[in-house]
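Asks: Chains as they are written, first to last, in the UniProt record's numbering: chain L, 1 to 235; chain V, 1 to 235; chain X, 1 to 235; chain D, 1 to 235.
Dropping the structure in here first, questions after.
4 protein chains.
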Amino acid sequence: MSAPRDPRGGLFGALTAACGADWRAYVGHPFVRGLADGSLPERCFRHYLAQDYLFLLHYSRAWSLAVVKSDRLDDLRQSAALVDLLLNHEIALHVDFCGGWGLDETALAATPEAPANRLYTRYVMDRGLAGDLLDLLVALAPCGLGYAEIGRRLLADPATKREGNPYLPWIELYGGAEFQEGAAAMAAQLDRVAGRRGLTPPWDGSARWPSISDTFATAVRLEVGFWDMGLAPPA
Amino acid sequence: MSAPRDPRGGLFGALTAACGADWRAYVGHPFVRGLADGSLPERCFRHYLAQDYLFLLHYSRAWSLAVVKSDRLDDLRQSAALVDLLLNHEIALHVDFCGGWGLDETALAATPEAPANRLYTRYVMDRGLAGDLLDLLVALAPCGLGYAEIGRRLLADPATKREGNPYLPWIELYGGAEFQEGAAAMAAQLDRVAGRRGLTPPWDGSARWPSISDTFATAVRLEVGFWDMGLAPPA
Amino acid sequence: MSAPRDPRGGLFGALTAACGADWRAYVGHPFVRGLADGSLPERCFRHYLAQDYLFLLHYSRAWSLAVVKSDRLDDLRQSAALVDLLLNHEIALHVDFCGGWGLDETALAATPEAPANRLYTRYVMDRGLAGDLLDLLVALAPCGLGYAEIGRRLLADPATKREGNPYLPWIELYGGAEFQEGAAAMAAQLDRVAGRRGLTPPWDGSARWPSISDTFATAVRLEVGFWDMGLAPPA
Amino acid sequence: MSAPRDPRGGLFGALTAACGADWRAYVGHPFVRGLADGSLPERCFRHYLAQDYLFLLHYSRAWSLAVVKSDRLDDLRQSAALVDLLLNHEIALHVDFCGGWGLDETALAATPEAPANRLYTRYVMDRGLAGDLLDLLVALAPCGLGYAEIGRRLLADPATKREGNPYLPWIELYGGAEFQEGAAAMAAQLDRVAGRRGLTPPWDGSARWPSISDTFATAVRLEVGFWDMGLAPPA
Chain L
1 MSAPRDPRGG LFGALTAACG ADWRAYVGHP FVRGLADGSL PERCFRHYLA QDYLFLLHYS
61 RAWSLAVVKS DRLDDLRQSA ALVDLLLNHE IALHVDFCGG WGLDETALAA TPEAPANRLY
121 TRYVMDRGLA GDLLDLLVAL APCGLGYAEI GRRLLADPAT KREGNPYLPW IELYGGAEFQ
181 EGAAAMAAQL DRVAGRRGLT PPWDGSARWP SISDTFATAV RLEVGFWDMG LAPPA
Chain V
1 MSAPRDPRGG LFGALTAACG ADWRAYVGHP FVRGLADGSL PERCFRHYLA QDYLFLLHYS
61 RAWSLAVVKS DRLDDLRQSA ALVDLLLNHE IALHVDFCGG WGLDETALAA TPEAPANRLY
121 TRYVMDRGLA GDLLDLLVAL APCGLGYAEI GRRLLADPAT KREGNPYLPW IELYGGAEFQ
181 EGAAAMAAQL DRVAGRRGLT PPWDGSARWP SISDTFATAV RLEVGFWDMG LAPPA
Chain X
1 MSAPRDPRGG LFGALTAACG ADWRAYVGHP FVRGLADGSL PERCFRHYLA QDYLFLLHYS
61 RAWSLAVVKS DRLDDLRQSA ALVDLLLNHE IALHVDFCGG WGLDETALAA TPEAPANRLY
121 TRYVMDRGLA GDLLDLLVAL APCGLGYAEI GRRLLADPAT KREGNPYLPW IELYGGAEFQ
181 EGAAAMAAQL DRVAGRRGLT PPWDGSARWP SISDTFATAV RLEVGFWDMG LAPPA
Chain D
1 MSAPRDPRGG LFGALTAACG ADWRAYVGHP FVRGLADGSL PERCFRHYLA QDYLFLLHYS
61 RAWSLAVVKS DRLDDLRQSA ALVDLLLNHE IALHVDFCGG WGLDETALAA TPEAPANRLY
121 TRYVMDRGLA GDLLDLLVAL APCGLGYAEI GRRLLADPAT KREGNPYLPW IELYGGAEFQ
181 EGAAAMAAQL DRVAGRRGLT PPWDGSARWP SISDTFATAV RLEVGFWDMG LAPPA
């Protein structure tokens with residue numbers, strides 16, 4: 001199988017280009033650099049993992065809202081499969097992974113949701129309630145597509161520490177073929193839905209562009225806030 | 001004050017033109033002709049009035065969903081004022097009006113919602129949940145703008161029976177300046193929101209047109225079903 | 001494996017008992033009797049199958065709304081698995097099944113949604129938007145649990161025609177172990193959610209009972225309307 | 001007219017009692033004390049005012065969602081009147097008030113929404129989408145009822161600085177009869193809806209209590225975050 005196409009063409013490429021500084025602050029965040037060179041303090045990573053568990057539940061709800069808002073069989077199917085994958089497979093993997101870091105599921109479920117965590121998912125839900133499927137997918141895009149970009153970059157970067165880096169499994173997960181293919185499918189869905197919902201190239205000439213690019217940039221900044229949160233574990 | 005502009009230019013005009021036969025079936029329905037010449041059986045009108053009371057409650061909920069889905073102060077304000085007008089003024093007028101036909105509010109509230117009534121408002125709510133503000137406004141348009149067209153036509157038509165027509169107050173309400181101005185404001189909002197949400201002339205060249213025109217035509221057929229229901233009161 | 005427990009205990013049992021005449025009109029509908037003795041005209045069944053294809057899409061959206069409205073991992077998982085099953089497996093089976101009756105997927109997707117079909121799913125969606133997870137599950141219950149009861153009864157009834165009955169595969173599907181187990185899981189979820197959402201036995205002493213039992217009875221009547229629709233195929 | 005009853009009886013009283021420390025942190029926040037003695041830095045108040053303008057828009061959307069989720073005429077009417085009051089009257093007053101502090105509406109509308117501001121309203125919206133009318137009203141309660149308590153306390157407290165306190169108009173607004181009556185109506189609605197939705201005294205014996213009291217306590221902490229934000233204006 002050939003390598004998945006870089007999803008940064010199409011609408012996703014235009015959106016990241018339009019919020020360049022925010023995007024770079026997200027994908028090149030100190031938290032990410034700490035994963036790459038293994039210098040991230042363990043308690044930061046554990047804090048992040050526990051929040052990410054809670055995040056996955058609401059992220060799954062948001063993708064379910066995408067099913068609610070779909071009217072084509074391909075969109076219904078793609079989002080439904082993702083929701084099932086997240087809730088009935090990924091969360092179990094996440095729990096296993098957390099177990100390796102000394103966090104059991106009871107501890108995960110009892111973790112108070114941090115404001116920066118809650119803010120991102122609830123913002124996404126509200127974009128979905130207020131807008132259409134495109135608004136929702138654009139608010140969701142920084143997460144799936146951003147993690148794919150981070151994973152791909154770190155995995156391709158010879159400077160990434162391999163030996164003795166406790167975060168290598170994280171990098172391999174998001175940089176791996178399965179996640180990359182999922183991200184490519186998400187980017188393709190974004191373009192497909194944009195085309196049907198009146199957002200077409202040249203993107204920034206479209207009436208929907210100001211609102212769509214604002215949603216994306218806002219969501220990117222909320223992802224930056226999520227990394228910031230990771231660096232500030234409770235005492 | 002000058003007469004309000006016919007709202008059938010702009011998007012609304014394009015939508016009615018695109019579903020011409022359905023639109024004519026709606027605004028020229030036998031129920032409407034029975035109002036015009038006074039021949040509508042009284043029990044049909046009473047059945048219609050009782051269902052219309054229930055309709056107003058859900059129609060108000062749908063316009064509240066429009067507030068939920070608005071992001072501009074002008075849209076927020078316009079829909080909020082309409083919801084308040086409907087619930088805190090129009091319903092009281094409707095109840096008074098029904099009183100004149102021998103229906104009190106307890107009887108109105110106890111009326112079972114007819115399928116054709118329920119179908120229209122729930123379809124509208126779902127278009128709002130699934131789509132964006134434009135999808136919702138387009139699903140709502142046949143009601144407000146259609147009643148305005150019916151009222152305006154009947155009032156302007158010399159063949160409309162005036163003397164001794166018990167339905168003249170109904171015609172005067174929907175043909176009157178206040179309702180016409182409200183409808184003109186609705187049509188203007190439709191054009192304004194369409195422009196921001198990526199639906200621009202030439203309408204039928206827009207990627208959103210197939211879905212938008214389908215929503216409108218469907219809602220028009222559900223309005224036809226509402227008139228049909230009026231002609232078939234329970235025994 | 002032991003046979004699944006009859007799901008008519010618990011809340012579901014109370015709800016069916018409370019709307020006995022409507023429930024009997026649903027599960028003993030002439031359409032159902034025509035399936036049992038094989039006398040249902042083929043064009044009625046084909047009409048039903050085409051509408052059921054469209055139904056499945058919106059039914060899946062409604063179960064996705066249940067995911068959106070869930071806050072426990074067990075509920076999130078159960079509804080997400082069902083949505084994925086419906087969209088990524090059941091619809092394909094349904095399309096295969098329809099193929100055996102001469103209906104291909106293009107024809108299915110192009111079928112206009114009949115009013116009685118649209119009415120049920122949009123009513124369910126609105127109960128979900130207006131209410132909580134329990135209101136939504138109760139509106140959904142007549143479908144899954146009713147089909148399970150119909151299938152189980154017909155399969156257990158010696159009077160059901162087996163040989164030469166073209167509808168036997170339909171009966172075997174809904175009466176079969178897999179569907180019965182799914183229905184038992186649904187009934188168990190209903191009781192579990194009711195308990196958390198303030199509806200507890202004695203059911204009819206609960207403040208939520210009037211609204212919940214009205215939702216259920218309304219949905220049952222809309223299912224009756226769905227069967228009625230099946231008996232009235234377009235000319 | 002007699003003074004409005006303290007709304008802290010009923011469900012609201014139980015909710016505030018159950019999260020006592022959080023509630024005290026909210027109504028006795030340093031920001032509030034700075035309003036009371038006039039010591040709050042002007043740039044903090046201006047920052048707060050600009051954020052509060054944006055807050056009002058989303059708060060109005062949340063109350064519109066309450067209309068969407070209502071099924072009784074009294075609830076529909078009360079929430080609709082509040083939304084209209086907020087959008088078509090209060091915001092204009094707020095803009096006037098801000099004008100006196102040197103902030104014009106263009107500046108207000110161009111203010112970036114602070115995370116703590118966005119977090120509260122989007123959390124409320126999501127409680128409304130996920131839950132029922134009661135979940136939504138409980139998430140909304142800390143705002144209206146908390147401001148009423150703060151205003152009433154400060155106005156009644158002889159230690160509150162009157163002469164030369166630039167924040168006295170703010171205190172008089174929220175401590176004044178009109179706002180107090182609105183708050184009393186909100187508290188009454190909360191009890192009324194709780195009764196219908198299966199949450200009855202003794203509150204903490206109800207199956208819904210853990211979730212309801214968690215929603216309230218969370219919203220109170222988000223209000224504390226809103227005050228914290230006020231004390232940390234951008235440089």
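Using N, Cα and C, we set each Cβ at its ideal position, and we do this for glycine too.
#1: What whole-angstrom Cβ distance do Leu56(V) and Leu93(V) have, given they're in contact under 8 Å?
#2: Indicate the three-state DSSP secondary structure (helix, strand or coil) for Asn117(X) in the structure shown.
#3: Name, please, each residue of chain L whose Cβ falls closer than 7 Å to the Cβ of Arg122(V).
#4: Is the number of C-beta pairs between the region 132-152 of chain V and the region 170-177 of chain V that are closer than 8 Å three or more?
#5: Taking the alpha-carbon positions, what's the Pro4(X) to Ser213(D) distance?
#6: Beta carbon of Tyr123(X), beta carbon of Arg77(V): below 8 Å?
#7: CB Leu136(L) to CB Gly146(L), shorter than 8 Å?
#8: If contact means a Cβ-Cβ distance below 7 Å, which residues of the region 52-65 of chain D contact chain V?
#9: Mind checking if Thr215(D) is an interface residue toward chain L, Cβ cutoff 8 Å exclusive?
#10: If you follow the alpha helix (DSSP H) that His58(V) is in, where does it begin and where does it stop?
#11: Is the Cβ-Cβ distance between Asn117(X) and Leu49(X) less than 8 Å?
#12: Just the C-alpha distance for Gly20(V) and Ala21(X), rounded to the nearest angstrom, thanks.
#13: With 7 Å as the limit, tell me which residues of the region 118-149 of chain L have their beta carbon closer than that to any beta carbon of chain D; keep them in chain order.
#14: Find the nearest neighbour of Phe31(V) within the set Tyr167(V), Ala107(V) and Ser79(V), judged by alpha-carbon distance.
#15: In three-state terms, what does DSSP make of Met1(X)?
#16: Which term fits Trp101(X), buried or exposed, when burial requires 16 or more other beta carbons within 10 angstroms of its beta carbon?
#17: What residue from Leu140(L), Arg192(L) and Leu40(L) has the CA that sits closest to Asn165(L)'s CA?
#18: Could you confirm whether any beta carbon from chain D is found closer than 8 Å to the beta carbon of Pro166(L)?
#19: With a Cβ-Cβ cutoff of 8 Å, do Arg197(D) and Gly198(X) count as a contact?
#20: Just the chain L side, please: which residues come within less than 7 Å of Arg77(X) by C-beta, in chain order?
#21: Measure the CB-CB distance between Lys69(V) and Leu108(V) and report whether it falls below 8 Å.
#22: Any chance you could list the alpha helix (DSSP H) runs of at least 4 consecutive residues sitting entirely within the region 97-170 of chain D, in chain order?
#23: By the 10 Å Cβ neighbour count, where 16 or more other Cβ atoms means buried, how is Asp157(X) classified, buried or exposed?
#24: So with Cβ pairs under 8 Å, would you call residue 236(X) a contact of chain D?
#25: Which one of Phe226(D), Ser64(D), Lys161(D) and Ser206(D) has the shortest CA to CA distance from Asp37(D)?
#26: Taking only the alpha-carbon atoms, compute the straight-line gap between Ala66(L) and Ala81(X) and give it to the nearest angstrom.
#27: Residue range of the alpha helix (DSSP H) that Ser213(V) falls in?
#28: Pull up the distance between the alpha-carbon of Trp203(D) and that of Gly9(D), whole angstroms please.
#29: Could you tell me the alpha carbon to alpha carbon distance between Ala14(L) and Gly205(L), rounded to whole angstroms?
#30: Is Gly195(L) near Ala17(V), with beta carbons less than 8 Å apart?
#31: Would Cys44(X) and Gly230(X) qualify as a contact pair, given that the criterion is a beta-carbon distance under 8 Å?
#32: Between the region 38-50 of chain L and chain V, which residues of the former have a C-beta closer than 7 Å to a C-beta of the latter?
#33: Spell out whether any CB of chain L is found under 8 Å from the CB atom of Pro233(V).
Replies: If we stick to the structure as given:
#1: Their Cβ separation, rounded to whole angstroms, is 10 Å, which puts Leu56(V) and Leu93(V) out of contact at 8 Å.
#2: helix
#3: Going along chain L, no residue has its Cβ under 7 Å from Arg122(V), so there is no contact; the nearest lies around 15 Å.
#4: yes
#5: Bear in mind that the predicted position of Pro4(X) carries a pLDDT of just 48, short of 50, making it unreliable; the figure below should be weighed with that in mind. Approximately 37 Å, taken between the alpha carbons.
#6: no
#7: no
#8: Leu57, Ser60, Arg61, Ser64 and Leu65
#9: no
#10: Glu42 to Val68
#11: no
#12: 43 Å
#13: Arg118, Leu119, Arg122, Tyr123, Met125, Asp126 and Leu129
#14: Tyr167(V)
#15: In this prediction, Met1(X) has a pLDDT of 37, which is less than 50 and means its spatial position is unreliable; nothing more can be read from the coordinates.
#16: exposed
#17: Leu40(L)
#18: no
#19: yes
#20: Leu87 and Asn88
#21: no
#22: 105-110, 115-130 and 133-156
#23: exposed
#24: Residue 236(X) falls outside the range modelled here, since chain X spans only 1 to 235, and no answer is possible.
#25: Lys161(D)
#26: 16 Å
#27: Trp209 to Leu231
#28: 12 Å
#29: 12 Å
#30: no
#31: yes
#32: none
#33: no
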